[in-house]
Amino acid sequence: MTLSRTIAQKSLTAILILFSVCMSVAANAQDGKALFSANCASCHAVHKKLTGPALTGVEDRWPNKDNLHAWIRNSAAFLKTGDAYANALYNEYNKTAMNAFPNLKNEEIDAILAYIKTVPAPGAATGGAGAAAPVESDNTLLYGILTLVLAVVALILMKVNANLKKLSDEVTGEPVLRPIPFYRNKTYFALIAVLLFLVGGYLTTKGAMGFGRSKNYQPEQPIYYSHKVHAGVNQINCQYCHMGVAQGKQATIPSVNVCMNCHMAINEYKGEPIKNEAGETVDGTAEIKKLYKYAGFEEGKPWDASKATPIEWVRIHNLPDHVYFNHSQHVKAGQVACQTCHGEIQKMGEVKQFADLSMGWCVNCHRETKVQFKDNGFYSIYEKYHEDLKSGKIDSAKGITVEKIGGTECQKCHY
Amino acid sequence: MKNTSIIACLTAVVALVACSDVKRTPGSIYMPDMAYSRAYESYSDNSNLAEKGINYNNRPVEGTISREEEMPFHIAKDLPGDSINYVASKLVKNPYDTLSATDKDEAERLYLINCGICHGANLKGNGPLYKDGNGPYPAKPASLVGDAKYEAMPAGQMFYSVTYGKNLMGSYASQLSRKQRWKVIAYVKAKQQEGNKAAPVAATATPATAPAK
Numbered sequence: 001m002t003l004s005r006t007i008a009q010k011s012l013t014a015i016l017i018l019f020s021v022c023m024s025v026a027a028n029a030q031d032g033k034a035l036f037s038a039n040c041a042s043c044h045a046v047h048k049k050l051t052g053p054a055l056t057g058v059e060d061r062w063p064n065k066d067n068l069h070a071w072i073r074n075s076a077a078f079l080k081t082g083d084a085y086a087n088a089l090y091n092e093y094n095k096t097a098m099n100a101f102p103n104l105k106n107e108e109i110d111a112i113l114a115y116i117k118t119v120p121a122p123g124a125a126t127g128g129a130g131a132a133a134p135v136e137s138d139n140t141l142l143y144g145i146l147t148l149v150l151a152v153v154a155l156i157l158m159k160v161n162a163n164l165k166k167l168s169d170e171v172t173g174e175p176v177l178r179p180i181p182f183y184r185n186k187t188y189f190a191l192i193a194v195l196l197f198l199v200g201g202y203l204t205t206k207g208a209m210g211f212g213r214s215k216n217y218q219p220e221q222p223i224y225y226s227h228k229v230h231a232g233v234n235q236i237n238c239q240y241c242h243m244g245v246a247q248g249k250q251a252t253i254p255s256v257n258v259c260m261n262c263h264m265a266i267n268e269y270k271g272e273p274i275k276n277e278a279g280e281t282v283d284g285t286a287e288i289k290k291l292y293k294y295a296g297f298e299e300g301k302p303w304d305a306s307k308a309t310p311i312e313w314v315r316i317h318n319l320p321d322h323v324y325f326n327h328s329q330h331v332k333a334g335q336v337a338c339q340t341c342h343g344e345i346q347k348m349g350e351v352k353q354f355a356d357l358s359m360g361w362c363v364n365c366h367r368e369t370k371v372q373f374k375d376n377g378f379y380s381i382y383e384k385y386h387e388d389l390k391s392g393k394i395d396s397a398k399g400i401t402v403e404k405i406g407g408t409e410c411q412k413c414h415y
Numbered sequence: 416m417k418n419t420s421i422i423a424c425l426t427a428v429v430a431l432v433a434c435s436d437v438k439r440t441p442g443s444i445y446m447p448d449m450a451y452s453r454a455y456e457s458y459s460d461n462s463n464l465a466e467k468g469i470n471y472n473n474r475p476v477e478g479t480i481s482r483e484e485e486m487p488f489h490i491a492k493d494l495p496g497d498s499i500n501y502v503a504s505k506l507v508k509n510p511y512d513t514l515s516a517t518d519k520d521e522a523e524r525l526y527l528i529n530c531g532i533c534h535g536a537n538l539k540g541n542g543p544l545y546k547d548g549n550g551p552y553p554a555k556p557a558s559l560v561g562d563a564k565y566e567a568m569p570a571g572q573m574f575y576s577v578t579y580g581k582n583l584m585g586s587y588a589s590q591l592s593r594k595q596r597w598k599v600i601a602y603v604k605a606k607q608q609e610g611n612k613a614a615p616v617a618a619t620a621t622p623a624t625a626p627a628k
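Protein sequence lines correspond, in order, to chains A and B. Position 386 (the first sequence) corresponds to 386 in the numbering used here; numbering is contiguous. Position 129 (the second sequence) corresponds to 544 in the numbering used here; numbering is contiguous.
What follows is the structure in structure tokens.
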């Protein structure tokens, strides 16, 4: 009886101890993640060098755990002890001082270290990326063959009809006319002439109107920069890079330092595979490396912005010199969205010209677009229109179009 | 006769195959009257102006201040491994300590465009580029509201970081004018104060995850 009791007691304590150990480890890992995110993550990643070194295997690198604790709590004080490893590290990272964390307890630091061990290396545990996209069926060929077959059938039927007529003429004894060959048949001539006139006229007009217009122009750029990835997936505002669009005539092409604001840290592409116009997969990471070449940036070293050279992007949208166009007038005063003129830019891999930028296109928009009169100090000068809108003389649903405030006058854009 | 027809067929096939949907060249132009600028346009190559004997400098004269712009920030960037100027910047006062309603709207707009992408629309350091570590940005951006370190950071030191960059954050001097930078910092400071006042309430409510515009 006593024996069984002691066994029961022992096993119970063993279970309790085991349980508490498990619990504490679980709690440690949990706390470790939170502590890492709150204290370390702005300068350190587990598998990547950022402002500070990658933390995987940090315990193996430090000769002594107490030193590591002392370093984390107050790195500046620890440096003064003359520790060789710490000083080498400090110099390797360009003498960037690590923040002091005097409030972290030993257990908390150990929890962080325990969490660091649990983070798997990137690429180790990633499943197959998405199933293949459904194959789009193209019916053009099918329709073509069908048209051809029908045409052949029609031809055969016509021939049959002609032969039957000939036979019946022979039977009734009417004089048989020799058929005129098609190259001497005047009906054929007339038909072909009309067809040529229509097709030729259409092509000539279209070609002539297309002079000087570059709709759908989509040049290859020095770097495969995807607006879809930046403005679409990652929701970067257009004006983050094109900051001048609301301030002046030009939308401004960002200089390399604007790219480097993010790409100092983002040195690899990990998103959905990018496909170019030919359907080939674009290596995003290689494109980022191209940027580093322009920037004169070597990974792991501090970036000297004065070494950067400009990227010579190919200009797409270009108006003739005899037209004046100002971005800020449209974006700031007119509150027009970028997409109105540039298309769904947040879905474009390579940018292409969306509008033909013809005068008819400009004028059409000026005729139809309502000016935002309400709460827009820019148009407070049009007192009469404001009064008429108030008194109902002008239908407020229709509003004031750009044309009404002189938006289709010649000298508005040509001067 | 037969040969010519074969050649014609082949050329037609080649021409059809060569046609791609992608237009890599701009359209041609006929009689470009006043289409090309005689003057140097923005972003045109102006490297050969000196050869032509034209004196051109694309930078403003040193020491000039553009209209309605703030006075220059007199603290220089620290040398590597140094933090004297970073510490000294604590004493600089924000000339736009209190924002008017319109200024606040403008500062908010600028914050959401330039800062919110990393620091989050709610200033909690979780913008669409970080997304709790699922975004492309590998480091956790500073949580401007709710982190004692940044709540206590003086406006001058924030201005130093925004102007010259700090750690992984780059310089925003080319994107925001000095005036705009001060106003954005005043906006951040105002949000921190609001956050402190509303802290007991916000603790119970679910954190709003406003989508970035």
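Using N, Cα and C, we set each Cβ at its ideal position, and we do this for glycine too. Here the structure is a predicted model, which means the values were calculated and not measured.
Buried/exposed call for residue i, threshold 16 Cβ in 10 Å
{"i": "C530 of chain B", "result": "buried"}
{"i": "A491 of chain B", "result": "exposed"}
{"i": "P495 of chain B", "result": "exposed"}
{"i": "F182 of chain A", "result": "exposed"}
{"i": "M654 of chain B", "result": "Nothing about residue 654 of chain B can be reported from this structure: the residues present for chain B run from 416 to 628 only."}
{"i": "R596 of chain B", "result": "buried"}
{"i": "H489 of chain B", "result": "exposed"}
{"i": "E368 of chain A", "result": "exposed"}
{"i": "K528 of chain B", "result": "Contrary to the premise, residue 528 of chain B reads as Ile rather than Lys in this sequence. Buried, since its Cβ has 16 or more Cβ neighbours within 10 Å."}
{"i": "R61 of chain A", "result": "exposed"}
{"i": "L583 of chain B", "result": "buried"}
{"i": "R593 of chain B", "result": "buried"}
{"i": "K186 of chain A", "result": "exposed"}
{"i": "H366 of chain A", "result": "buried"}
{"i": "S443 of chain B", "result": "exposed"}
{"i": "V245 of chain A", "result": "buried"}
{"i": "C410 of chain A", "result": "exposed"}
{"i": "I192 of chain A", "result": "exposed"}
{"i": "Y526 of chain B", "result": "buried"}
{"i": "Q239 of chain A", "result": "buried"}
Same chain, Cβ closer than 6 Å to residue i, five either side skipped, listed in chain order
{"i": "G535 of chain B", "result": "N541 and G542"}
{"i": "V507 of chain B", "result": "G571"}
{"i": "Q607 of chain B", "result": "V560 and E566"}
{"i": "Y294 of chain A", "result": "V256, T309 and I311"}
{"i": "C413 of chain A", "result": "V323 and Y324"}
Interface flag, residue i vs chain C, CB-CB below 9 Å
{"i": "Q572 of chain B", "result": "Of the chains in the structure shown, none is chain C; the protein chains are A and B."}
Extent of the continuous alpha helix (DSSP H) run through residue i
{"i": "F189 of chain A", "result": "K186 to G210"}
{"i": "P364 of chain A", "result": "Note on residue identity: the sequence assigns Asn, not Pro, to residue 364 of chain A. Its alpha helix (DSSP H) spans residues M359 to E368."}
{"i": "T51 of chain A", "result": "Neither: T51 of chain A is in no alpha helix (DSSP H) and is coded neither H nor E."}
{"i": "H230 of chain A", "result": "Neither: H230 of chain A is in no alpha helix (DSSP H) and is coded neither H nor E."}
{"i": "R596 of chain B", "result": "R593 to K612"}
{"i": "E523 of chain B", "result": "A516 to N529"}
{"i": "F78 of chain A", "result": "S75 to K80"}
{"i": "C410 of chain A", "result": "C410 to C413"}
{"i": "H383 of chain A", "result": "A small fix is needed here, since residue 383 of chain A is Glu in this sequence, not His. Where E383 of chain A is concerned, the enclosing alpha helix (DSSP H) stretches over E383 to S391."}
Same chain, Cβ closer than 8 Å to residue i, five either side skipped, listed in chain order
{"i": "H47 of chain A", "result": "A54, T56, V119, A121 and P122"}
{"i": "C22 of chain A", "result": "Confidence at C22 of chain A is low in this model, with a pLDDT of 45, below 50, so the placement of that residue should be treated as unreliable; the coordinate-derived value is given next. Excluding residues within five positions, none has a Cβ falling inside 8 Å."}
{"i": "G232 of chain A", "result": "Q346 and K347"}
{"i": "I220 of chain A", "result": "Before going further, note that residue 220 of chain A is Glu rather than Ile in the sequence given. Correct list, in chain order: V314 and E350."}
Neighbourhood of residue i by C-beta, 7 Å cutoff - its chain only, sequence neighbours within 5 removed
{"i": "Y143 of chain A", "result": "none"}
{"i": "P134 of chain A", "result": "The predicted position of P134 of chain A is uncertain, since its pLDDT is 47 and thus under 50; a value taken from the coordinates is nonetheless stated next. Taken in chain order, the list of residues that qualify is empty."}
{"i": "L291 of chain A", "result": "I223, C259 and H263"}
{"i": "K49 of chain A", "result": "G300"}
{"i": "K95 of chain A", "result": "none"}
{"i": "K90 of chain A", "result": "At residue 90 of chain A the sequence reads Tyr, which differs from the Lys that was named. Counting only Cβ-Cβ distances below 7 Å, and skipping sequence neighbours, we find L79."}
{"i": "Q247 of chain A", "result": "S328"}
Distance cut-off 8 Å: residue i Cβ against heavy atoms of the ligand FAD
{"i": "N67 of chain A", "result": "Absence of the ligand FAD from the depicted structure is noted, as is the absence of any ligand whatsoever, leaving it without description."}
Count the C-beta pairs between the segment 300-313 of chain A and the segment 328-335 of chain A that are closer than 8 Å, then say yes if the count reaches three, no if not. Counting C-beta pairs with one atom in each stretch, the segment 300-313 of chain A and the segment 328-335 of chain A have fewer than three that are closer than 8 Å, which means they do not touch.
Taking Cβ-Cβ distances below 7 Å as the criterion, which residues of the segment 208-242 of chain A are in contact with chain B? Taking 7 Å as the cut-off between beta carbons, the residues of the segment 208-242 of chain A near chain B are G210, F211, G212, R213, S214, N216, Y217, Q218, P219, E220, N234, Q235, I236, N237, Q239 and Y240, in sequence order.
Are the segment 540-560 of chain B and the segment 462-475 of chain B touching, with three or more C-beta to C-beta distances below 8 Å? By the Cβ criterion, the segment 540-560 of chain B is not in contact with the segment 462-475 of chain B, since fewer than three pairs of Cβ atoms, one from each stretch, lie closer than 8 Å.
Residues in the segment 457-469 of chain B having any Cβ partner in chain A nearer than 7 Å: Residues S457 and Y458.
Got a sec: which bits of the segment 321-355 of chain A sit with their beta carbon under 8 Å from any beta carbon on chain B, in order along the chain? Contact residues of the segment 321-355 of chain A toward chain B are D321, H322 and K352 (C-beta to C-beta distance below 8 Å).
Members of the segment 27-56 of chain A near chain B, C-beta cut-off 7 Å: Answer set for the segment 27-56 of chain A: S37, A41, S42, C43, A45, K48, L50 and T51.
Check whether the segment 210-228 of chain A touches the segment 343-363 of chain A, counting contact only when three or more Cβ pairs, one atom from each stretch, lie closer than 8 Å. Per the Cβ contact rule, the segment 210-228 of chain A is in contact with the segment 343-363 of chain A (3 or more Cβ pairs under 8 Å).
Under 8 Å, with one C-beta from each stretch per pair, do the segment 223-236 of chain A and the segment 339-346 of chain A reach the 3-pair mark? Touching, yes.
So, does the segment 102-112 of chain A touch the segment 59-74 of chain A, judging by three or more C-beta pairs under 8 Å? Contact between the segment 102-112 of chain A and the segment 59-74 of chain A is present, with at least three C-beta pairs closer than 8 Å.
Could you list the residues in the segment 275-298 of chain A with a C-beta less than 9 Å from some C-beta on chain B, going in chain order? Contacts with chain B (Cβ-Cβ distance below 9 Å) from the segment 275-298 of chain A involve E277 and A278, listed in chain order.
Determine which residues of the segment 177-204 of chain A have a Cβ less than 9 Å from any Cβ of chain B, and write them out in chain order. Result list empty, no residue passes.
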